[in-house]
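A.B. asks: Supplied in structure tokens, the structure appears directly below.
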Amino acid sequence: MDIKHLQYFIEVTRLRSFSKAAEHMYVTQPTISKMLKNLENELGVHLFDRKSKKVELTDAGKVIYEQALVIDKAFKDLQYQLDNLQELKKGHIRIGLPPMIGSLHFPNIIGRFQERYPEISIQLVEKGSKRIEEDIDKGDLDLGVVVLPVNENLFEFYSFEREKLKLVIPPDHPFSKSEKIELAKLKDENFILFTEDFALHNRIISSCAVAGFKPSIVSESSQWDFIGKMVASKLGIAFMPESICKAVHSDVAILDVIDPSISWELAIIWRKKAYLSFAAREWLDFTIEKLKA
1228 MDIKHLQYFI EVTRLRSFSK AAEHMYVTQP TISKMLKNLE NELGVHLFDR
1278 KSKKVELTDA GKVIYEQALV IDKAFKDLQY QLDNLQELKK GHIRIGLPPM
1328 IGSLHFPNII GRFQERYPEI SIQLVEKGSK RIEEDIDKGD LDLGVVVLPV
1378 NENLFEFYSF EREKLKLVIP PDHPFSKSEK IELAKLKDEN FILFTEDFAL
1428 HNRIISSCAV AGFKPSIVSE SSQWDFIGKM VASKLGIAFM PESICKAVHS
1478 DVAILDVIDP SISWELAIIW RKKAYLSFAA REWLDFTIEK LKA
């Protein structure tokens, strides 16, 4: 028995047709029929009910089909890993970036990476931290940038930045002449938050709870620049990371928040004990090196 026997068997079962399986596998129907007969002889069981006009599995065939799927997946995984090594630095990487983080650190890093490795393609997916964690756990993304903490039973991570959140208010707001303000004094303000799939959404609400109030939320957005414009238009106040505030400072007033202060810590994460392709590992090593510089 070799892997081709099982792959032919899987295709015949999946398509419920010897002729369609032969066409899909680019072989003749007699070739498939012969190989599956050899497989039956080797296993000592009948895989198909020959009395039925349709392609129907026997009980033994059903058992073997389930195991054949497992073996075929393992074989393809093995091929994938070997191909990454043999093709040397070719591949495709799927990276999740929250919109406000991606524009800060990563355009330059990704550009320099692709200059060095032009045959590695990168797919960037913009989502909030929570969605990125979910997609990495499901295997839909290879790596992602999120706000800590994360479930350390599920993810490995590399932390690269920690900074405070600043209060962003209209330039003529009564608090605009202050350098800092206690969080509790904002209890009567209208808040503009990032959407719920951003970790900062719950971080801000929970900090307000510590300060003794529930914030009045008038709007939510996934775009930091749009939030900045809404604040400048006097629709409400917002919290933004210090590095983001540098991009919106001309239209708004920016204050430190105390009692409590609110901070965030950024990290690159990947799934614990999951296989990372050569390309993904190369990007991770390259990016960590640049972030340390």
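With the numbering used here applied, the sequence shown closes on residue 1520, and no number is skipped along the way. Cβ atoms here follow ideal geometry from the backbone N, Cα and C, with glycine treated the same way. Predicted model, so just to flag it, every value in this text is computed and none were measured.
1. Please list the terminal residues of the continuous alpha helix (DSSP H) segment that includes Met1262.
2. Relative to the alpha-carbon of Val1479, which residue among Pro1376, Gly1288, Pro1401 has its alpha-carbon at the smallest distance?
3. So what's His1332 in DSSP terms, helix, strand or just coil?
4. Only counting the same chain, and skipping five residues up and downstream in sequence, which positions put a Cβ closer than 6 Å to that of Glu1539?
5. In the segment 1349-1408, which residue ranges form an unbroken beta strand (DSSP E) of at least 3 residues, counting only runs that do not cross its ends?
6. Does the distance from the CB of Arg1321 to the CB of Leu1394 come in under 8 Å?
7. Return the chain-ordered list of same chain residues with a C-beta closer than 6 Å to the C-beta of Gly1366, the five sequence neighbours on each side being excluded.
8. First and last residue of the beta strand (DSSP E) that includes Val1484?
9. Going by CA-CA distance only, name the one from Ser1460, Ile1471, Thr1240 that's closest to Lys1391.
10. Given 8 Å as the limit, is there contact between the segment 1302-1309 and the segment 1351-1358, that is, 3 or more CB pairs closer than that?
11. Taking the C-alpha atoms as reference points, what is the distance between Glu1293 and Asp1286?
12. Contact check, Leu1274 vs Leu1263 under 8 Å by CB: the rounded distance?
13. Nearest CA to the CA of Lys1499: which residue from Glu1342, Val1475, Glu1383?
14. Is the distance from the Cβ of Leu1511 to the Cβ of Leu1370 below 8 Å?
15. Near Leu1518, what residues of its chain come up, given a Cβ to Cβ distance below 6 Å and the 5 sequence neighbours on each side ignored?
16. Trp1510 bridges to which residues according to DSSP?
17. Using beta-carbon positions only, say whether Ser1434 and Pro1468 come within less than 8 Å of one another.
18. Can you tell which of Ile1396, Arg1343, Leu1324 has the C-alpha that lies nearest to the C-alpha of Asp1362?
19. Nearest-angstrom Cα distance between Val1475 and Ile1396?
20. Rounding to the nearest angstrom, what Cα-Cα distance links Leu1266 and Ile1259 in this structure?
21. Under 8 Å between the Cβ atoms of Ile1489 and Phe1466?
22. Would you say Glu1409 and Ile1464 are within 8 Å of each other, going by their C-beta atoms?
23. Out of curiosity, what's the CA-to-CA distance linking Ser1446 and Leu1420?
24. Within a Cβ cutoff of 6 Å, which residues of the same chain sit near Ser1448, ignoring the five residues on either side of it in sequence?
25. Could you give the residue range of the alpha helix (DSSP H) that holds Arg1243?
C.D. replies: Looking at the atomic coordinates:
1. Here the alpha helix (DSSP H) through Met1262 covers 1256-1270.
2. Of the listed residues, the one whose Cα sits closest to Val1479 is Pro1401.
3. Here His1332 sits in helix by DSSP.
4. The structure shown does not extend to residue 1539, since the chain spans only 1228 to 1520, so no value can be given for it.
5. Entirely contained in the segment 1349-1408, the beta strand (DSSP E) runs reaching 3 residues are, in chain order, 1370-1374, 1382-1396.
6. It is not a contact, given that the beta carbons lie outside the stated cut-off.
7. Nothing listed; no residue qualifies.
8. Where Val1484 is concerned, the enclosing beta strand (DSSP E) starts and stops at 1480-1485.
9. The residue with the shortest Cα to Cα distance from Lys1391 is Ile1471.
10. Judged by Cβ distances under 8 Å, the segment 1302-1309 makes no contact with the segment 1351-1358, as fewer than three pairs qualify.
11. Taking the straight line joining both Cα atoms gives about 11 Å.
12. Right, the Cβ-Cβ distance comes to about 6 Å (below 8 Å), so this counts as a contact.
13. Answer by Cα proximity: Glu1383.
14. Yes; because the gap between Cβ atoms is below 8 Å, this pair is in contact.
15. By the criterion of a C-beta distance shorter than 6 Å, Leu1518 is surrounded in its chain by Phe1387, once the five residues flanking it on both sides are discounted.
16. None; Trp1510 has no bridge partner.
17. Against a cut-off of 8 Å, the Cβ pair of Pro1468 and Ser1434 comes out as no contact.
18. Restricting attention to Ile1396, Arg1343, Leu1324, the CA atom closest to the CA of Asp1362 is found in Leu1324.
19. Going by C-alpha positions, Val1475 is about 11 Å away from Ile1396.
20. Going from the Cα of Leu1266 to the Cα of Ile1259 covers about 10 Å.
21. The criterion of a C-beta distance shorter than 8 Å is satisfied by Ile1489 and Phe1466.
22. No. Outside cutoff.
23. If I take the Cα positions, the gap works out to 7 Å.
24. Annotation for Ser1448: Ile1454 place their beta carbon closer than 6 Å to its own, counting only its chain and skipping 5 residues before and after.
25. Looking at the DSSP string, Arg1243 is not in any alpha helix (DSSP H), and its letter there is neither H nor E.
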